[in-house]
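*Asks:*
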Amino acid sequence: MKHLVSVNTLHEDDFIHKVYGSADLNASINVPDGMYNDFIGGATAGSSPCYDPAFYLSNTYTNDSWVGIGLTCTPSFLANESDVTIDETVSNPWSDNFQIETFFSGNSGPVDISMDGASSAGAWYLPNTSATNGFAGEDCKSVVMQITSEGAISWTLNAEIWVHGDENTKVILTQTYDGENMGSPVIEGCTNDNACNYYALATSDNGSCEFPETYYDCADVCLADADDDGICDELEVAGCQDDAACNYNANATDSGVDCVYATGCETCTGETDGTGGTNANDTDDDGVCDNEEIIGCQNDAACNYNAAATDAGTCDFTDGICETCSGETDGSGTVVDNDSDDDGVCNNDEVAGCEDSTACNYDAAATDGAACIYASGCDFCSGDTDGTGSVVDGDTDDDLVCDIDEIAGCQDITACNYNSLATDSDDSCQYCGCSPLTGLSPYSLTVEEYAIDSIAGHTTYRLYVNMDHPNDYLSAIYGEGTEHAFALTSTSTPNWYNDANFNAQYGTDLMPAILAVYPSAAFDSWFTFGADSANPDLNIASADAMGTFWTNFNAGNDVLVNDAGGFSIYNTRNCTLPPGVDGGSCDDNYPALGGDDGRVLMAQITSEGQISGEFSVQIIQNGIYEAGVFNAVHFAFDGEGTFSAADW
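No gaps in the numbering here: position 294 of the sequence shown is 293 in numbering that gives the first Met the number 0, and each next residue is one more.
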């Protein structure tokens with residue numbers, strides 16, 4: 000047997016929002032003989048398809064058991080219909096009783112649903128509060144549940160109804176069916192027929208009655224409005240309605256009060272509630288409005304005399320000594336001090352100058368102090384005492400050695416007569432035991448400018464080893480013994496620039512993140528094997544028998560390694576030669592290879608002077624890659640240019 004449960008309403012536009020049970024209003028559904036659930040349908044009416052014999056051979060799914068509001072099958076979205084949403088707790092999943100657990104239709108046994116507490120409360124409701132199926136319609140009736148069972152069923156349900164579709168005007172219908180008879184409905188709502196929301200079917204007053212405001216009916220229309228202006232007679236306010244008047248009342252609804260206007264100097268006091276009046280604005284009754292009065296000094300002997308003043312003000316006079324008047328007669332005149340340092344000597348008689356007898360520009364006649372100039376370091380004063388004295392330069396070559404302390408001699412550490420105490424070069428250097436380079440080696444060294452004044456007053460030089468073949472590989476930079484020494488110097492002190500924020504030894508120490516924080520580090524002095532920034536293909540290290548190379552280099556001091564132990568900077572490859580042969584070979588663009596441009600960057604030196612020096616390099620030549628087989632060449636250079644190499 001199929002049981003349809005419907006809600007009947009008073010008005011066709013009443014909206015059935017939800018059917019529910021709670022701790023306050025219990026609900027129950029009892030089906031002792033179990034209910035039929037079709038595998039095509041679900042727990043809600045909207046989950047069952049609408050019957051169409053052209054597509055379905057059987058209509059058994061129309062007997063499915065479900066809950067809903069105003070629907071018996073799939074909602075029409077074009078008609079703004081909407082299916083209900085199930086509300087249930089974890090401990091009371093009551094909607095499972097309206098669904099079959101297998102793909103076969105049938106009866107799952109007795110059903111006993113209770114919604115009577117916080118943990119068992121439940122409901123089905125329309126989330127779309129404008130859904131057309133939620134309104135009762137012309138028959139004032141809306142189906143809310145279908146149960147198909149072989150035996151009798153019983154239930155108690157509560158329905159929330161929005162009267163005329165207004166969610167603020169609700170009634171609660173409680174109905175019980177015991178399997179044979181309907182109980183008397185309990186309808187909670189407004190039972191006072193004088194209330195605006197009186198509901199004729201309500202059997203229990205729930206305190207929701209709403210009454211019109213005083214002087215208005217339920218349609219918010221005045222009970223008395225003689226002038227038909229929409230304002231109830233009892234609420235009318237008489238007053239001046241001209242907003243240009245001083246006693247204008249913005250709340251006035253009826254005229255009947257004379258308006259007051261400002262004349263002459265008068266202005267309105269500004270109130271807009273009808274209490275406004277006028278301000279006279281001529282306090283001294285002299286016929287000049289207060290805002291046009293000019294207060295000022297009326298004594299023409301005073302410095303601040305104002306010829307246009309209408310009211311007397313204070314006057315300022317000179318002291319008869321140095322002070323004078325500025326001369327204006329419009330009240331802006333001032334007393335001019337003419338003795339700014341208050342020493343009793345008028346400014347015109349002052350003599351400005353340095354008053355410190357130890358300063359180089361000391362002026363014995365000065366009455367007012369001025370900036371003094373002092374000698375420092377090697378400098379000294381010229382000796383004048385009339386303010387014309389000056390600082391005499393005592394270090395004319397700016398080498399931080401006073402002229403009287405200078406020592407002339409050879410300053411080239413590669414020369415045979417090098418004088419470590421010399422502070423000035425006298426062009427006396429002699430080079431013994433050093434024969435000229437033959438120029439027969441295929442390798443050479445190029446020293447070229449890279450940047451000027453990136454570090455103020457400095458030039459950044461880059462040193463390149465020019466290769467004979469693109470596959471020639473630079474493997475070491477070194478010096479050993481007196482014949483093949485590693486020497487580096489410049490004509491400035493210190494010899495070269497080392498960045499104070501990030502002092503790199505190798506070009507590969509310079510990572511983009513460091514340069515972003517310390518951009519000046521890009522011009523630091525360093526050595527490398529073809530790369531001027533971090534490169535994972537290079538593994539650069541050094542060996543220093545005496546342990547002095549980096550100490551001197553990082554301090555900007557002369558570098559000279561001529562002992563037998565020597566010093567070397569070398570790169571350990573992570574790939575094999577020749578390049579580009581197999582997966583383990585070096586890339587054709589490996590930094591330490593000659594490459595397309597035929598040269599390898601080996602150093603960057605930033606200096607205020609001219610750099611010079613000598614060193615050896617180790618080159619693994621193209622095609623000769625056996626272990627221990629390499630070509631060693633020695634370079635000597637002085638300043639910019641390209642310099643030949645001497646083979647060992």
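Just so it is clear, CB atoms sit at the ideal spot from N, CA and C, and this is done for glycine as well.
Source: prediction; values computed, not measured.
Determine the DSSP secondary structure at residue 576, reduced to helix, strand or coil.
*Replies:* Three-state result, residue 576: coil.
*Asks:* Can you round the beta-carbon distance between residue 394 and residue 376 to whole angstroms, since I take them to be within the 8 Å contact cut?
*Replies:* Indeed they touch by this definition, with Cβ atoms about 7 Å apart.
*Asks:* Taking three-plus beta-carbon pairs below 8 Å as touching, is the region 351 to 364 in contact with the region 323 to 340?
*Replies:* Verdict: no, contact absent.
*Asks:* Taking the alpha-carbon of residue 542 as reference, which of 503, 489, 297 and 477 has the nearest alpha-carbon?
*Replies:* Selected option, being the one with the closest Cα: 477.
*Asks:* Apart from the five residues just before and just after residue 224, which ones in its own chain have a Cβ nearer than 8 Å to its Cβ?
*Replies:* Contacts found: 230, 231 and 232.
*Asks:* How many Å lie between residue 610 and residue 632 at the Cα?
*Replies:* Cα to Cα, residue 610 sits roughly 20 Å from residue 632.
*Asks:* Confirm, please, whether the CB-CB distance from residue 426 to residue 405 is below 7 Å.
*Replies:* Taking 7 Å as the Cβ cut-off, residue 405 and residue 426 do not qualify as a contacting pair.
*Asks:* Which residue marks the beginning of the alpha helix (DSSP H) containing residue 549, and which one marks its end?
*Replies:* Segment 548 to 554, the alpha helix (DSSP H) holding residue 549.
*Asks:* Just to confirm my understanding: we take residue 501, look at its own chain, exclude 5 residues before and 5 after, and list those with CB closer than 6 Å. What are they?
*Replies:* Closer than 6 Å at Cβ, skipping near neighbours: 513, 517 and 520.
*Asks:* DSSP has residue 352 in a bridge; who is on the other side?
*Replies:* 368.
*Asks:* Which word fits residue 456, buried or exposed, when buried means at least 16 other C-beta atoms lie within 10 angstroms of its C-beta?
*Replies:* Residue 456 comes out exposed.
*Asks:* So, for residue 434: in the same chain, excluding its five sequence neighbours on each side, which residues have a beta-carbon less than 8 Å away from its beta-carbon?
*Replies:* Residue placement at residue 434 cannot be trusted, given a pLDDT of 33 that sits under 50; the coordinates are not used to answer.
*Asks:* Using a Cβ-Cβ cut-off of 8 Å (strictly less than) and excluding sequence neighbours within five positions of residue 579, which residues of its own chain qualify?
*Replies:* 585, 586 and 587.
*Asks:* Is the region 143 to 162 close to the region 175 to 183, with three or more CB pairs under 8 Å?
*Replies:* Taking 8 Å as the limit for Cβ pairs, the verdict is that the region 175 to 183 does touch the region 143 to 162.
*Asks:* Hey, could you find the ends of the alpha helix (DSSP H) residue 9 is sitting in?
*Replies:* First-last for residue 9: undefined, no H or E at that position.
*Asks:* With DSSP as the reference, identify every bridge partner of residue 545, one or two as the case may be.
*Replies:* Per DSSP, none; premise fails for residue 545.
*Asks:* Could you pull the start and end residues of the beta strand (DSSP E) that residue 512 belongs to?
*Replies:* Segment 511 to 516 is the alpha helix (DSSP H) holding residue 512; no beta strand (DSSP E) there.
*Asks:* I need the boundaries of the beta strand (DSSP E) containing residue 613, first residue and last residue.
*Replies:* 610 to 619 is the span of the beta strand (DSSP E), which, as asked, contains residue 613.
*Asks:* With a threshold of 8 Å, are at least 3 pairs of Cβ atoms found where one atom belongs to the region 554 to 563 and the other to the region 463 to 474?
*Replies:* No, they do not touch.
*Asks:* Buried or exposed: which applies to residue 571, given that a residue is buried once 16 or more other Cβ atoms fall within 10 Å of its Cβ?
*Replies:* Answer is exposed; the Cβ neighbour count stays below 16.
*Asks:* Can you list, in chain order, the residues of its chain with a C-beta nearer than 7 Å to that of residue 146? Leave out the 5 residues immediately preceding and following it.
*Replies:* So the list reads 2, 30, 34, 64 and 152, once near-sequence residues are dropped.
*Asks:* Give me the Cα-Cα distance between residue 355 and residue 322, rounded to the nearest whole angstrom.
*Replies:* Rounded to whole angstroms, residue 355 to residue 322 spans 30 Å at the Cα level.
*Asks:* Tell me which same chain residues have a C-beta within less than 6 Å of the C-beta of residue 575, skipping the five on either side of it?
*Replies:* Same-chain partners within the cutoff: 583 and 584.
*Asks:* When you compare only the Cα positions, how much space is there between residue 443 and residue 492?
*Replies:* So the alpha carbons of these two residues sit roughly 28 Å apart.
*Asks:* Quick one: residues in its chain with C-beta nearer than 6 Å to the C-beta of residue 236, no 5 flanking neighbours on either side, listed in chain order?
*Replies:* Excluding sequence neighbours, residue 236 sits near 250, 251 and 252.
*Asks:* Kindly identify the DSSP beta-bridge partner or partners of residue 603.
*Replies:* Answer by DSSP bridge pairing, in chain order: 461 and 525.
*Asks:* Using DSSP with H/G/I as helix, E/B as strand and the rest coil, what is residue 66?
*Replies:* Reduced to three states, the DSSP call for residue 66 is strand.
*Asks:* Spatial neighbours of residue 381 within its chain, please: CB distance less than 7 Å, with the 5 preceding and 5 following residues excluded, ordered by chain position.
*Replies:* The residues are 359, 388, 389 and 391.
*Asks:* With DSSP collapsed to three states, give me the class of residue 272.
*Replies:* Note: residue 272 maps to strand in three-state DSSP.
*Asks:* Go through the region 72 to 103 residue by residue and report every complete run of the beta strand (DSSP E) that reaches 3 residues or more, in order.
*Replies:* Correct list: 84 to 86.
*Asks:* Leaving aside the five residues before and after residue 623 along the sequence, list all residues of the same chain whose C-beta is less than 7 Å from its C-beta, in chain order.
*Replies:* Nothing listed; no residue qualifies.
*Asks:* I think residue 333 touches residue 290, with their Cβ atoms under 8 Å apart; what is that distance to the nearest whole Å?
*Replies:* Wrong, their Cβ atoms sit about 26 Å apart, outside the cutoff.
*Asks:* With distances taken Cα to Cα, identify the nearest neighbour of residue 385 among 117, 371, 244 and 219.
*Replies:* Checked all of 117, 371, 244 and 219; the closest Cα to residue 385 is 371.
*Asks:* Shortest alpha-carbon distance to residue 320 belongs to which of 299, 344 and 217?
*Replies:* Closest option to residue 320, Cα to Cα, is 344.
*Asks:* Would you kindly work out how many angstroms separate the C-alpha atoms of residue 43 and residue 160, rounded to a whole number?
*Replies:* Each residue's Cα considered, the two are about 20 Å apart.
*Asks:* Cα separation between residue 538 and residue 396?
*Replies:* Approximately 43 Å between the Cα atoms of the pair.
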